[in-house]
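Reviewing the structure listed below.
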Amino acid sequence: MTPPQTSTERSVHGGLSHLAALEAESIFIMREVAAEFERPVVLFSGGKDSIILLRIAEKAFRPQRFPFPIMHVDTGHNFPEVLAFRDRRVQELDERLIVASVQESIDKGRVQEEPGWDPMRNRLQTTTLLDAIAEHQFDAVFGGGRRDEEKARAKERIFSFRDEFGQWEPRSQRPELWNLYNGRIRKGQHMRVFPISNWTEMDVWQYIQQEGLEVPEIYFAHERDVFKRNGMWLSTGPFLHPRENEPITKKTVRYRTVGDMTCTGAVESDAATLDAIVMETAAARITERGATRADDGFSETAMEDRKREGYF
Amino acid sequence: MDTMMRAPGQMDMLRFSTAGSVDDGKSTLIGRLLYDSKGIFEDQLAAIEQTSRRRGNTTVDLALLTDGLRAEREQGITIDVAYRYFATPRRKFIIADTPGHIQYTRNMVTGASTADLAVVLIDARQGSLEQSRRHAFIAALLGIPHIVVAINKMDLVDWSEDVFERITSEFAAWSAKLDVHDITFIPISALHGDNVVQHSTNMRWYGGPTLLYHLEHVHIASDKNLIDNRFPVQYVIRPQTDEFHDYRGYAGEVATGTFRKGDDVVVLPSGHQTRISRISTFDGEVEEAIPPMSVSIELEDDIDTSRGDMICRPHNQPAVTQEFDAMVCWMNDRQLEEGKRYFIKHTTRTGRAMIDELRYRIDVNTLHRDEAATSLGLNEIGRVHLRTSTPLMVDEYRLNRATGSFILIDEATNDTVGAGMIVDPGTGGASLVDELADDRSEEPAAA
């Protein structure tokens with residue numbers, strides 16, 4: 001197997017390896033935000049991309065504490081394994097966690113549960129997120145978005161400006177040149193910042209492997225009771241109720257993304273180790289969102305539309 | 313697929329830019345590179361097939377892959393720079409794909425600013441047109457070290473070596489005036505795949521590399537400036553805990569040069585001298601730091617150092633100045649005008665800048681120099697003299713992209729309005745554009 005690598009290792013070509021170069025860029029972006037903004041926050045879902053964000057923050061700021069808190073937008077429909085992991089990781093890091101709750105937004109009447117069978121809460125998160133940003137007066141919000149995930153994200157800046165309504169306007173984005181990021185905003189506006197914009201799913205897994213990072217166990221193959229809905233394997237549980245024509249079967253599956261249980265599908269897989277996941281990612285012929293996210297399937301520009309409203 | 317399993321530490325990264333419109337085959341070329349290297353996935357392909365069919369197209373429109381925004385899909389145009397990713401066992405590639413028509417200069421400059429290499433496309437039937445020359449000019453202006461001229465649609469000129477040779481020599485004669493040391497010409501057919509990933513069986517007269525082979529093997533490690541030590545201080549790490557009571561780490565990215573423990577250094581603009589006591593990362597101490605590593609430098613003496621300062625070697629210093637000449641590419645509808653003030657961001661230092669004088673505006677297509685101009689509009693490029701409220705540590709852009717570049721920010725709107733490249737840090741010297749423009753003025757008839 002691959003010998004352990006340090007991130008600063010040179011490639012065969014004499015320059016930095018691609019992971020070392022990506023890491024250096026991400027560290028630079030995080031430090032730039034810490035230096036230029038008053039109240040940043042880093043979003044952490046317990047998923048693999050935000051796991052990378054926290055590792056990059058360690059690399060950027062240790063031995064100091066993070067100059068920002070960690071925030072999770074909890075839909076109330078999360079995988080219990082992921083929530084347990086979230087708390088464990090935050091405790092290990094000895095940093096501060098803020099939980100913004102969609103259930104609370106519903107209880108307070110800020111949003112309403114969507115109608116229908118097993119409603120998804122994906123879209124409701126936007127209100128909860130924007131309310132939390134306003135409440136804590138955050139001026140910069142780190143997210144784990146990557147440009148290879150989705151076509152609207154492919155065009156989004158690393159420093160992505162949000163107006164007073166939290167909206168993204170894709171047609172009037174600030175040009176982004178060299179590594180000279182423009183962090184100037186006025187009160188009430190904020191910046192979404194994506195330090196791992198240039199990473200791919202493969203880079204993420206290779207980095208997790210290189211760094212020996214822990215990820216929630218649902219990323220690895222396991223047996224689970226699932227049923228098929230809209231072409232995806234969904235997990236049974238307190239938030240999902242299979243209809244009569246949706247028979248439950250036991251399958252060996254894993255998750256390629258972790259999100260809300262109501263819209264995140266499992267893929268059939270035997271990949272039970274990081275090595276196996278890297279192999280499987282290399283062989284994959286379908287994008288991670290295409291394989292596992294019901295929320296992107298509504299229209300060609302579903303992600304763009306949600307992002308315009310202030311989504312992650 | 314086993315090839316992807318190579319140790320990640322053995323791969324490096326290359327950023328390249330492409331520019332052009334749908335009709336010159338750029339999208340087809342990118343589509344082929346991505347598909348053949350597995351950078352496109354089946355669900356993405358299925359989605360664009362569906363969209364193409366619904367629009368009544370008979371072939372799959374690969375441009376839909378890069379046109380991600382609703383407005384782009386509705387209008388069938390590319391508005392913005394799109395970033396695309398693919399990898400081979402040797403390298404990870406980041407493509408900055410820029411539109412050829414709409415706001416071309418602004419987007420080409422943005423894509424070129426971080427590129428190691430530019431792919432300039434030429435339609436074999438038409439030879440080098442304005443757009444490809446403009447792209448090569450911008451690539452040179454932005455200091456991209458390597459240019460590949462891909463002469464496309466060779467299938468439509470009967471795979472003719474003569475056509476290839478004619479375009480090559482024409483372009484080479486023109487580009488000799490550009491400050492680019494590495495230009496490679498490759499005859500391709502993006503549509504049929506000739507010389508993109510696979511060698512062409514239709515052009516046996518061509519003995520050079522395929523496009524992908526060239527992208528994988530072009531030597532970029534030596535493009536890094538390892539001589540002029542420049543470390544802009546980005547952030548000061550001060551834990552103020554019992555364990556790290558006196559710890560003060562100057563965090564930042566090595567812009568250029570090689571920093572080692574024990575090096576004599578000078579902190580600018582103060583000019584205080586000291587020595588590097590330690591270079592550290594989260595993973596531990598490192599013996600040396602090269603670009604673009606993000607590290608933390610500790611100094612032997614406790615000198616007042618903060619964000620925006622620069623750590624250099626005492627005998628190799630940038631100019632510390634509050635006025636200089638620069639080429640500026642304008643990126644906003646609100647014009648640049650003489651006497652106007654902006655925020656300037658240069659390395660990690662931000663101050664105010666005033667445009668003293670617009671020396672001339674350059675026509676990107678003809679390279680004609682208009683010295684009577686008093687303003688720069690969107691997508692226009694000109695040479696300005698400017699003064700800053702705070703001293704900046706600058707080098708000529710040609711010698712150092714990191715310390716020679718800056719952006720201008722509108723004070724009222726906070727928009728990024730200009731991209732600047734320093735041509736004369738107060739020490740004299742002619743710019744690339746000066747040389748080109750002088751040359752052009754001697755041969756006004758040349759096309």
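Protein chains in written order, with the working numbering: chain A, 1 to 312; chain B, 313 to 759. In this text, a Cβ means the ideal position worked out from N, Cα and C, and glycines have one as well.
The Cβ atoms of Ile609/B and Tyr559/B lie no closer than 8 Å to each other. One finds Pro63, Gln64 in chain A with Cβ atoms closer than 7 Å to the Cβ of Pro551/B, taken in chain order. In the three-state scheme derived from DSSP, where H, G and I count as helix and E and B as strand, Tyr416/B is classed as helix.
By the neighbour-count criterion, in which 16 or more other beta carbons inside 10 Å mark a residue as buried, Ile721/B falls on the buried side.
A buried status is given to His458/B, since no fewer than 16 other beta-carbon atoms sit within 10 Å of its beta-carbon. Lys155/A has its alpha-carbon roughly 37 Å from the corresponding atom of His241/A.
The alpha-carbon of Gly455/B is positioned some 8 Å away from that of Ser425/B. In the DSSP assignment, the residues bridged to Glu635/B are Arg699/B. If you look at Trp233/A, you'll find it in the beta strand (DSSP E) that goes 232–235. Taking C-beta atoms as the reference points, Glu599/B and Arg572/B count as a pair closer than 8 Å.
The straight-line gap separating the alpha-carbon atoms of Asp682/B and Asp409/B is approximately 30 Å. Scanning the region 437–512 of chain B for uninterrupted beta strand (DSSP E) segments of 3 residues or longer gives 458–464, 494–499, listed from N- to C-terminal end. Residue pairing by DSSP places Met71/A opposite Leu43/A, Ile98/A in a beta bridge.
Thr236/A is positioned such that its CB atom lies closer than 8 Å to that of Ile248/A. Around the beta-carbon of Asn628/B, fewer than 16 other beta-carbon atoms lie within 10 Å, marking it exposed. A check of alpha carbon separations from Arg478/B across Val508/B, Cys624/B, Ile498/B identifies Ile498/B as the nearest. For Thr553/B, the secondary structure class from DSSP, reduced to helix, strand or coil, is coil. The Cβ atoms of Leu688/B and Arg673/B lie closer than 8 Å to each other.
Around the beta carbon of Ile500/B, a 10 Å sphere encloses 16 or more other beta carbons of the protein chains shown; the residue is thus reported as buried. Secondary structure at Val33/A: helix, using DSSP grouped into helix, strand and coil.
For Glu164/A, the closest alpha carbon among the candidates Tyr181/A, Ala134/A, Gly143/A, Asn179/A is that of Ala134/A.
Note that the C-beta distance between Met466/B and Arg403/B is not below 8 Å.
Around the C-beta of Pro238/A, fewer than 16 other C-beta atoms lie within 10 Å, and the residue is accordingly described as exposed. For Gly15/A, the closest Cβ of chain B is nearer than 8 Å.
Listed by position along chain A, the residues whose Cβ is nearer than 7 Å to that of Pro703/B form an empty set, because the closest Cβ is around 18 Å away. Here Met202/A carries a helix assignment [DSSP, helix/strand/coil].
For Ser339/B, no beta strand (DSSP E) run applies; the uninterrupted alpha helix (DSSP H) run containing it begins and ends at 338–348, by DSSP. Using a CB distance below 7 Å, the part of the region 570–599 of chain B facing chain A consists of Thr593, Phe594, Asp595, Val598, ordered along the chain. When Ile693/B, Asp540/B, Arg590/B are compared, the shortest CA-CA separation from Pro626/B is found for Asp540/B. Closest by C-alpha distance to Arg174/A, out of Arg192/A, Ser269/A, Arg254/A, is Arg192/A.
Annotated as proximal: Asp491/B and Arg710/B, with beta-carbon spacing under 8 Å.
For the set Met643/B, His504/B, Arg418/B, Gln362/B, the Cα lying nearest the Cα of Ile342/B is the one of His504/B. The alpha-carbon separation between Gln210/A and Arg86/A amounts to approximately 21 Å.
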